[in-house]
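All residue numbers in the sequence shown are consecutive under my numbering, ending with 502. C-beta atoms are modelled at their ideal positions from N, C-alpha and C, and glycine is treated no differently. Computed from a predicted model, the values in this text were never measured in an experiment. Worksheet for the structure shown next.
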Amino acid sequence: MLRDIAGIRLCGANFDEVTNILLLDPHEGNKVKPVKGTLLYGRNGAGKSTLAKAVRKAKGESQDTISQAEFLSINNLPIELTEEEKSHVFVFDEEYIDKNVKFHESGLDTIIMLGHQVEIAEQLQEAQKNLEKAKGEFDIQEKTIIENEKIECKNSPKYHIKKMRLALQGDDCWAGRDKLIKNNRQNTGVRDDTYKQFITLTTTKTRDQLIIEFNETLKVLRIAQQGDAAISTKVPIFNKKYDETNILKLLRTKIERPELSERECYLLELAQTGRSSQLNDMIDIFSNTETYICPTCLQPVSEKYKQDLVQSVQKVLSKTVEEHLAELCTVMAEEIEIDFSPFSKLEMSTNSCLEILAQINMGIRNNNLLIQSKIDNPYSICNGEIISVSNLLTQLNKALENLENERLEYNKKITDTKPIIKRLTEINNLIAYLDIRELYIQFSVIKTLTERKQLQKQSQSKYQNQKRWCRCCVMKTLSRLV
21 MLRDIAGIRL CGANFDEVTN ILLLDPHEGN KVKPVKGTLL YGRNGAGKST
71 LAKAVRKAKG ESQDTISQAE FLSINNLPIE LTEEEKSHVF VFDEEYIDKN
121 VKFHESGLDT IIMLGHQVEI AEQLQEAQKN LEKAKGEFDI QEKTIIENEK
171 IECKNSPKYH IKKMRLALQG DDCWAGRDKL IKNNRQNTGV RDDTYKQFIT
221 LTTTKTRDQL IIEFNETLKV LRIAQQGDAA ISTKVPIFNK KYDETNILKL
271 LRTKIERPEL SERECYLLEL AQTGRSSQLN DMIDIFSNTE TYICPTCLQP
321 VSEKYKQDLV QSVQKVLSKT VEEHLAELCT VMAEEIEIDF SPFSKLEMST
371 NSCLEILAQI NMGIRNNNLL IQSKIDNPYS ICNGEIISVS NLLTQLNKAL
421 ENLENERLEY NKKITDTKPI IKRLTEINNL IAYLDIRELY IQFSVIKTLT
471 ERKQLQKQSQ SKYQNQKRWC RCCVMKTLSR LV
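Written out as structure tokens, the structure is:
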């Protein structure tokens, strides 16, 4: 307990060894002191401050120069104090005065501050130091920011933004190509933030590949805008019919031979050897009243001779034969001719039509040869195999229909420039991305402008807060002094 304290045991500073000092000995000879107390005198360095520090150490305060300190009873036994008891131990030494008494000199108006006023003064002094430190940091940051705001400074984001703008401007750059796409008179404007629309793009193609694709696509656009690329010629509609069944029937028809004279047998022989057309010519020649000379032998012929000869030929070429020959002539077909040159741009479909058409004409030629052989020898059956042309005609009509549909689709695409312009814009943007990619990487590294501005704001805020706090402390101090 506090009342049992008679002295202190200490070591450190002026006391190299552990020393017991009974400052509060309650006995004076054989008597007991009513009040315990001791008044110490000593020269400078005698140890008075050391005793004060030992008391502080014993009550639990930190003292670097004192290695050991504890309160003692009258019997030199250590006394342990509670925290409550320690709070009633006070030391009024130089340290106390330094902390609780301050002099604020201002000419003749010197102010002495005691107790809490000293604490406020110390806070004010600490705040002033912090204020000066913050002001120094602020000045450094402000100087850095001002320097980095200059566009010619390589550490400035504006410097790299300017380089990206230059990479996008110009006739051979993004702005010039965009002018060509939009068919404008001037290059498209480039702003400080234009680069943002390209930085998220990506491509596996090289710049040269994209330039080639751009130029080729631009040619397509110009052709589409002029309208020369459209195919104006319609694909012809083909409705030709071909009856193989009737042809086969005529070829297989057999006509009976009539009873003929020697001359008529000769004429029949001509018909059977494929020269029936000569007989028809003979009828035409010798039926003419102006024919007086045989065109073959150049001998004069009488009217009776001509009449007999015509009758003999007509007997060989009976009505049945004439009708049969007429039917054969009607089934002979002409080859089909279609001009596919206007559709040369639709190469695949055009080639398909040409291939089918070639097969049709080959079938017509083959079948016409068989028909002609039957015409030349109407009394004999023709056993030749005909080629089916009707199926090929069906295929041709379908191919022509597909070609016409492709022509319409081609014209639709070639006249609609929006998809072409869209693709050109995409290619141009990808080229721009490649042009500024490295510049943007440099810009990203340098882009500390936002962080610096934030730091500037924080320093300014800190500076202003310190100023307000200092003013508040001064006002409190002055109000207390008053």
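{"Item": "Among 191, 74, 193 and 383, the one whose alpha carbon lies nearest that of residue 404", "Value": "383"}
{"Item": "Three-state secondary structure (DSSP) of residue 76", "Value": "helix"}
{"Item": "Cβ distance (whole Å) where residue 457 is taken to contact residue 363 below 8 Å", "Value": "Contact doesn't hold; Cβ gap of about 45 Å is too wide."}
{"Item": "Bridge partner(s) assigned by DSSP for residue 59", "Value": "The partner list for residue 59 (beta bridge, DSSP) is empty, contrary to what the question assumes."}
{"Item": "DSSP state of residue 89 mapped onto helix, strand, coil", "Value": "strand"}
{"Item": "Option nearest residue 451 by Cα separation, candidates 257, 32, 218 and 425", "Value": "218"}
{"Item": "DSSP bridge partner residues for residue 23 (one or two, in chain order)", "Value": "In the DSSP output, where bridge partners are listed per residue, residue 23 has none listed."}
{"Item": "Neighbourhood of residue 515 by C-beta, 6 Å cutoff - its chain only, sequence neighbours within 5 removed", "Value": "No information on residue 515 is available, as it lies outside the stretch 21 to 502 that the chain covers here."}
{"Item": "Reference residue 449; option with closest CA among 267, 351 and 223", "Value": "223"}
{"Item": "Cβ shell of residue 212 (< 6 Å), same chain only, five flanking positions each side left out", "Value": "181"}
{"Item": "Endpoints, beta strand (DSSP E) assigned at residue 587", "Value": "It is not possible to answer for residue 587, since the shown part of the chain is limited to 21 through 502."}
{"Item": "Residue 444 classed as buried or exposed, judged by whether at least 16 other C-beta atoms fall within 10 angstroms", "Value": "buried"}
{"Item": "Identity of the residue in 377, 111 and 22 nearest residue 103 by Cα", "Value": "22"}
{"Item": "Paired residues, beta bridge with residue 28 - DSSP", "Value": "41 and 91"}
{"Item": "Residue 406 in three-state terms, based on DSSP", "Value": "coil"}
{"Item": "Cβ neighbours of residue 33 in the same chain (closer than 6 Å, five flanking residues each side left out)", "Value": "70 and 85"}
{"Item": "Residue 280 - DSSP class collapsed to helix/strand/coil", "Value": "Interpretation of residue 280 is limited by its pLDDT of 49, a score under 50 that renders its predicted location unreliable; the figure taken from the coordinates is listed afterwards. The answer is coil: DSSP assigns residue 280 none of H, G, I, E or B."}
{"Item": "The alpha helix (DSSP H) enclosing residue 465, as first and last residue numbers", "Value": "438-466"}
{"Item": "Residue 393 vs residue 264 beta-carbon contact at 9 Å", "Value": "no"}
{"Item": "Counterpart residues of residue 51 in DSSP-defined beta bridges", "Value": "48"}
{"Item": "Residue from 261, 442 and 371 with nearest C-alpha to residue 198", "Value": "442"}
{"Item": "Rounded Cβ spacing between residue 258 and residue 420 (contact assumed at less than 8 Å)", "Value": "6 Å"}
{"Item": "Under 9 Å between C-beta atoms of residue 30 and residue 74", "Value": "yes"}
{"Item": "Reduced DSSP category for residue 380 - H, G, I as helix; E, B as strand; rest coil", "Value": "helix"}
{"Item": "Exposure label - residue 77; buried when at least 16 CB within 10 Å", "Value": "buried"}
{"Item": "Distance CB(residue 423)-CB(residue 366) smaller than 9 Å", "Value": "yes"}
{"Item": "Cβ-based burial, residue 83 [other Cβ within 10 Å; buried from 16]", "Value": "buried"}
{"Item": "Residue(s) in a DSSP beta bridge with residue 313", "Value": "320"}
{"Item": "Closer than 8 Å: residue 448 CB and nearest the ligand SAH heavy atom", "Value": "In the structure on display, the ligand SAH does not appear, and there are no ligands present to speak of."}
{"Item": "Collapsed DSSP secondary structure at residue 398 in the structure displayed", "Value": "coil"}
{"Item": "Residue 204 and residue 245 closer than 9 Å at C-beta", "Value": "no"}
{"Item": "Start-to-end residues for the alpha helix (DSSP H) that takes in residue 256", "Value": "No alpha helix (DSSP H) holds residue 256; DSSP gives it neither H nor E."}
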